[in-house]
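Asks: For the sequence shown, the residue numbers in our numbering are 1 to 769. Glycine is no exception: its CB is placed at the ideal position from the N, C-alpha and C atoms.
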Amino acid sequence: MSATADTPETDGIRITGARENNLKDVSLTLPKNKITVFTGVSGSGKSSIVFDTIAVEAQRQLNGTFPAFIRNQLPKYERPRADAVENLTAPVIVDQKPVGGNARSTVGTMTDIYSMIRALFARYGSPTDGLVSTYSFNDPRGMCPECDGLGQSVRADVDLMLDKSKSLNEGAIRLPNYSVGTPDWQLYGNSGKLDPDKRLADYTADEWQLFLHGSGFKVELKTKSGAYKTNYEGVVDRFTRLGVKRDLSTVSERTREAIAKFITEGPCTSCDGARLNPTALATKIDGRNIADWSSMQITDLIAVLAAITDPVATPLATAARTALDRVAAIGLGYLSLDRATSTLSGGESQRLKLVRHLGSTLTGMTYIFDEPSVGLHPRDVGRLNDLLRALRDQGNTVLVVEHDPDVIAIADHVVDVGPKAGANGGEIVYQGTVAGLRTADTRTGEGLRRAVRTKTTFRTPTGTLPVRDATLHNLKNVSVDVPTGVLTSVTGVAGSGKSTLIAEVFVKTHEGTVYVDQSAIAASSRSTPATYLGLMDPIRTLFAKSTGTAASLFSFNSEGACPECQGRGVIITELAYMDPVTTHCDACEGRRFKDEVLSHKLRGKSIADVLELTAEEATTFFTEAPLRRKLRSLIEVGLDYLTLGQPLSTLSGGERQRIKLATQLTATGTVYVLDEPTTGLHMSDVDTLLTLLNTLVDKGNTVIVIEHNLDVIQQSDWIIDLGPDGGKQGGEIIFTGTPADLLTTAESLTAEHLRHYRATHTLEPAPAL
């Protein structure tokens, strides 16, 4: 570890002998009431220190102050692998995990701003009964009775249920069990009020109403066992009662699938998606009801609140406006309060979590952030930095895991972890000031002081893939030609329409596009790089052929599993009121397999030995082309250090994104769309990513990245810039062309920051405007 003169004060947060994941007996002291930024390559061990050690122990100790009954209701945290973690304060974890939430969770409810708006309508709206609950879509007094406050309704789709070109006798009813002659069909064919030989398209309005929603008389139905009479019920009403509103958990999967073919989901026809009942929607302030306010862009709603001058309403309006100003200040002014939290990106979720704490007057807290700059345009990073400083200046400790140089620059203290990733990381390679880091002999130091590489030649497109007249979300009748055979960056501030244009419209327009997004890997706790890439089956087959045994013997999820730990390698003990305890399995020494399995060898190695190989080592061990091809894909995305058996749950965000990309690298002549592939990547890892992207293009593929990283943007062949801002101020194409041409564009925020970046990282003068 590099010694520095800037040793944190002795009363700081002290970590001694941390050994979580790849950490190598790490000890350090972090200053309180300062901003400490943790840097280092992806997989170096930053998150292991900040989240798996400091955050976990702080939460564990905090929960330990509650009575046993309360502790049993709280999440359980295992003591981290460290000799000591001392001098902690109460933690506030602001991570990148999606907010999620159920169908009732919105931006307004998550931030508690909607509660202020409800109170404002209850006291100041007209007409009003004065009850705040009247304006809640989560309360029976306010919710729409048709959709129960969800704003969406599932209903029978007549066009899917019926073939209007046919008569009843010709099988016009497409529903299962309604074939001609069946009892269900007889309810209509034998009703005596509908002509079974008349095409549905020729029905009169009265006949159509009777057929779909009629009631009030009986129909005789004939079966093999006799005849009986039953009440007539319109076909839509009957299907809605027996299918749409039925508890589908009580029926088979096959029945659910059959029902799903004839229903559609959309805005509730009763409330038009507003979620509220007519009483709530009747209350208005200056001609707008609460649903109108909720659907407005936050920046517009701020202006509406600012115009309220009534003495009764002003205090509430001011409080709501102050809270909304905080949302706008972190670059989310393009959202609306009715936006479902399940539709937010990881970066948006993290910034909204931050909003909940900005109004707090608590001091002495420890705020922990996981790459808060994710998803932010360079314009908005400055706003984020202001908020981090504000938390510190209020008397709090701020810990940030980050790669963005602009966020690193505001640190009072920096901890650089490395020197590399995985088994080659887990050490503190520098502690001190940002100025000292810029001169340090570490990969982060090298990245901060390197000169910008200027691209002067650009590939010639082989063709174009058009998008025409796109109007989804905030896109304003956008038409653009995306070039093929080149590397294209789609840029613009958050909310400008990048993901809508490319990830939604373009991907749907051009079938066969390989889309690698930021969604989490769907994997169990037993998943590994070998299982995720489909390597385990062929590896087990090789062992089976070599040893003359069953392939299932070489699976720690099957016959070969150690009976003591069931193939986990560890034994987890969980008791009520107690923190869980994970211990090394002595029976298999953490190797997951039975002893008899480990006695079988392939080229001198057991299955456990093979799973301990890194991707780079495994390419030498295996001679089989299919296996080597998949292993090379890991190396190409910069994950050569990962072992085949490392649990995916231990990977960082950047590593998980790249392992997803590794599964998609085999095609040629393919269109790839990558959503912010630099997420979680260190500056040196961005170089590896650029090499990979250029290799894909050179092999004849088309690569499109939705990106904010200026290194990637300026190394692209083509730029599509959206803006000029976010939300309704966005949704337009501001620029298309090469990075060189972008630099001379005055209207683009991306161009403005690219010019500044080049001016501060090279000796070349910025192009004149």
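Can a CB atom of chain B be found closer than 8 Å to the CB of Thr-439?
Replies: Among the protein chains of the structure shown there is no chain B, as only one such chain exists.
Asks: Residue ranges of each beta strand (DSSP E) run of no fewer than 3 residues wholly in the segment 647 to 693, ordered along the chain?
Replies: Taking 3 residues as the shortest admissible run, the segment 647 to 693 contains the following complete beta strand (DSSP E) segments, listed from N- to C-terminal end: 671 to 675.
Asks: Have a look at the DSSP bridge pairing and note the partners of Glu-732.
Replies: In the sequence shown, residue 732 corresponds to position 732, counting from 1. Per DSSP, Gly-723.
Asks: State the DSSP-derived secondary structure class of Met-231, mapped to helix, strand or coil.
Replies: By 1-based counting over the sequence shown, the position of residue 231 is 231. Reading off the sequence shown, one finds Asn at residue 231, where the question assumed Met. Residue state, collapsed to three classes: strand.
Asks: Of the choices Glu-596, Gly-590, Pro-529, whose alpha-carbon is the least far from that of Glu-559?
Replies: As a first step, residue 559 must be located in the sequence shown, where it is residue number 559. The candidate whose alpha carbon is nearest that of Glu-559 is Glu-596.
Asks: Would you mind reading off the limits of the beta strand (DSSP E) that contains Leu-28?
Replies: Taking the sequence shown and counting its residues from 1, one reaches residue 28 at position 28. Here the beta strand (DSSP E) through Leu-28 covers 26 to 30.
Asks: By alpha-carbon positions, which one of Lys-601, Ile-572, Lys-605 ends up nearest to Gly-590?
Replies: Numbered from 1 along the sequence shown, position 590 holds the residue referred to as residue 590. If we check each option's Cα against that of Gly-590, Ile-572 comes out closest.
Asks: Give every residue of the same chain whose Cβ lies closer than 6 Å to the Cβ of Gly-534, excluding the five residues on either side of it in the sequence, and list them in chain order.
Replies: Taking the first residue of the sequence shown as 1, we reach residue 534 at position 534. None.
Asks: Counting C-beta neighbours from all protein chains within 10 Å, is the total for Leu-754 16 or more, i.e. buried, or is it exposed?
Replies: Sequence index remark: in the sequence shown, residue 754 carries index 754 (1-based). Result: buried.
Asks: Threshold first: 3 residues or longer. Then list the beta strand (DSSP E) segments lying entirely within the segment 349 to 399, N to C.
Replies: Unbroken beta strand (DSSP E) stretches of 3 residues or longer found wholly inside the segment 349 to 399: 366 to 370, given in chain order.
Asks: Short check: CB of Leu-150 to CB of Arg-118, under 8 Å?
Replies: To locate residue 150, count along the sequence shown from 1; it is residue 150. To locate residue 118, count along the sequence shown from 1; it is residue 118. Cβ distance not < 8 Å, so Leu-150 and Arg-118 don't count as in contact.
Asks: Which of helix, strand or coil does DSSP assign to Thr-772?
Replies: The structure shown has nothing for residue 772, since the chain only spans 1 to 769.
Asks: Using 8 Å for Cβ pairs, my map puts Ser-496 next to Gly-171. What's the rounded Cβ distance?
Replies: Within the sequence shown, the letter at position 496 stands for residue 496. Within the sequence shown, the letter at position 171 stands for residue 171. No, Ser-496 and Gly-171 are not in contact; Cβ-Cβ is about 51 Å, not under 8 Å.
Asks: On the three-state DSSP scale, how would you describe His-413?
Replies: For the purposes of this step, residue 413 is taken as the residue at position 413 of the sequence shown. His-413: strand per DSSP, three-state reduction.
Asks: How many whole angstroms separate the CB atoms of Val-407 and Tyr-757, which I take to be in contact at a CB cut-off of 8 Å?
Replies: In the sequence shown, counting from the first residue as 1, residue 407 sits at position 407. In the sequence shown, counting from the first residue as 1, residue 757 sits at position 757. Their Cβ separation, rounded to whole angstroms, is 15 Å, which puts Val-407 and Tyr-757 out of contact at 8 Å.
Asks: My output table needs one value for Met-296: the three-state DSSP class, helix, strand or coil.
Replies: Residue numbering aside, residue 296 sits at position 296 when the sequence shown is read from its first letter. In this structure, Met-296 counts as coil in the three-state DSSP scheme.
Asks: Would you list the residues sitting across from Met-143 in a DSSP beta bridge?
Replies: Along the sequence shown, read from residue 1 onward, the residue named residue 143 stands at position 143. Met-143 pairs with Leu-276.
Asks: Taking Leu-194 as part of the alpha helix (DSSP H), name the residues at either end of that continuous run.
Replies: Locating residue 194 in the sequence shown gives position 194, where the first residue counts as 1. Leu-194 -> no alpha helix (DSSP H), and no H or E assigned at all.
Asks: Would you call Ala-260 buried or exposed, if buried means 16 or more other Cβ atoms sit within 10 Å of its Cβ?
Replies: Along the sequence shown, read from residue 1 onward, the residue named residue 260 stands at position 260. Counting Cβ neighbours within 10 Å, Ala-260 comes out exposed, since fewer than 16 surround it.
Asks: For Ala-494, which option in Gly-645, Asn-33, Gly-727 has the closest C-alpha, if you only look at C-alpha atoms?
Replies: Here residue 494 refers to the residue found at position 494 of the sequence shown. Nearest C-alpha to Ala-494: Gly-727.
Asks: Cα separation between Met-143 and Ile-302?
Replies: In the sequence shown, the residue the question calls residue 143 occupies position 143. In the sequence shown, the residue the question calls residue 302 occupies position 302. If you take the alpha carbons of Met-143 and Ile-302, they lie about 25 Å apart.
Asks: Give me, in chain order, the residues of the same chain whose beta-carbon lies closer than 6 Å to that of Leu-335; leave out the 5 immediate sequence neighbours on both sides.
Replies: In the sequence shown, counting from the first residue as 1, residue 335 sits at position 335. Contacts found: Val-107, Ile-298.
Asks: With Gln-714 as the anchor, note down where its alpha helix (DSSP H) starts and where it stops.
Replies: Position 714 of the sequence shown, counting from 1, holds the residue named residue 714. Element bounds for Gln-714: 710 to 714.
Asks: For Ala-5, name the three-state secondary structure that DSSP assigns.
Replies: Locating residue 5 in the sequence shown gives position 5, where the first residue counts as 1. Residue placement at Ala-5 cannot be trusted, given a pLDDT of 40 that sits under 50; the coordinates are not used to answer.
Asks: Work out the CA separation of Val-94 and Lys-353 for me, nearest whole Å.
Replies: The sequence position of residue 353 within the sequence shown is 353, counting from 1. The sequence position of residue 94 within the sequence shown is 94, counting from 1. The alpha-carbon atoms of Lys-353 and Val-94 are separated by roughly 6 Å.
Asks: Measuring only the C-alpha atoms, how far is Ser-546 from Arg-603?
Replies: Start at 1 with the first residue of the sequence shown, and residue 546 comes out as number 546. Start at 1 with the first residue of the sequence shown, and residue 603 comes out as number 603. Near 9 Å, if we compare the C-alpha coordinates of Arg-603 and Ser-546.
Asks: Kindly provide the ranges of any beta strand (DSSP E) runs that are 3 or more residues long and lie completely inside the segment 478 to 556, ordered along the chain.
Replies: 478 to 484, 487 to 491, 514 to 516
Asks: Thinking C-alpha only, which one of Gly-382, Ser-373, Leu-358, Arg-656 is nearest Gln-394?
Replies: As a first step, residue 394 must be located in the sequence shown, where it is residue number 394. For Gln-394, the nearest C-alpha among the options comes from Leu-358.
Asks: Report the option in Ala-390, Leu-437, Ala-423 whose CA atom is closest to the CA atom of His-413.
Replies: Counted from its first residue, the sequence shown places residue 413 at position 413. Comparing Cα-Cα distances from His-413 to each of Ala-390, Leu-437, Ala-423, the minimum goes to Leu-437.
Asks: Assign Lys-849 to one of two classes, buried (16 or more other C-beta atoms within 10 Å of its C-beta) or exposed (fewer than that).
Replies: With the chain represented from 1 up to 769, any question about residue 849 goes unanswered, as that position is not in the structure.
Asks: Can you tell me which of Gly-723, Leu-722, Val-703 puts its alpha carbon nearest to the alpha carbon of Ser-716?
Replies: Walking along the sequence shown from the start, residue 716 turns up at place 716. The candidate whose alpha carbon is nearest that of Ser-716 is Val-703.
Asks: Buried or exposed for Ile-428, please, with buried defined as at least 16 other CB atoms from any protein chain shown within 10 angstroms of its CB.
Replies: As a position in the sequence shown, residue 428 is number 428, starting the count at 1. By the 10 Å Cβ count, Ile-428 comes out buried.
Asks: Apart from the five residues just before and just after Gly-45, which ones in its own chain have a Cβ nearer than 6 Å to its Cβ?
Replies: Start at 1 with the first residue of the sequence shown, and residue 45 comes out as number 45. Result list for Gly-45: Asn-22, Leu-23, Val-417, Gly-425, Gly-426, in chain order.
Asks: Can you tell me which residues form a DSSP beta bridge with Pro-311?
Replies: Sequence index remark: in the sequence shown, residue 311 carries index 311 (1-based). Paired residue(s): none; Pro-311 is not in a bridge.
Asks: For Ala-84, name the three-state secondary structure that DSSP assigns.
Replies: Within the sequence shown, residue 84 is the residue found at index 84, counting from 1. Three-state DSSP puts Ala-84 in a strand.
Asks: Among Ala-435, Thr-464, His-213, which one has its Cα closest to the Cα of Ile-410?
Replies: On the sequence shown, residue 410 is found 410 positions in, with the first residue counted as 1. Ile-410 has its Cα closest to that of Ala-435, out of Ala-435, Thr-464, His-213.
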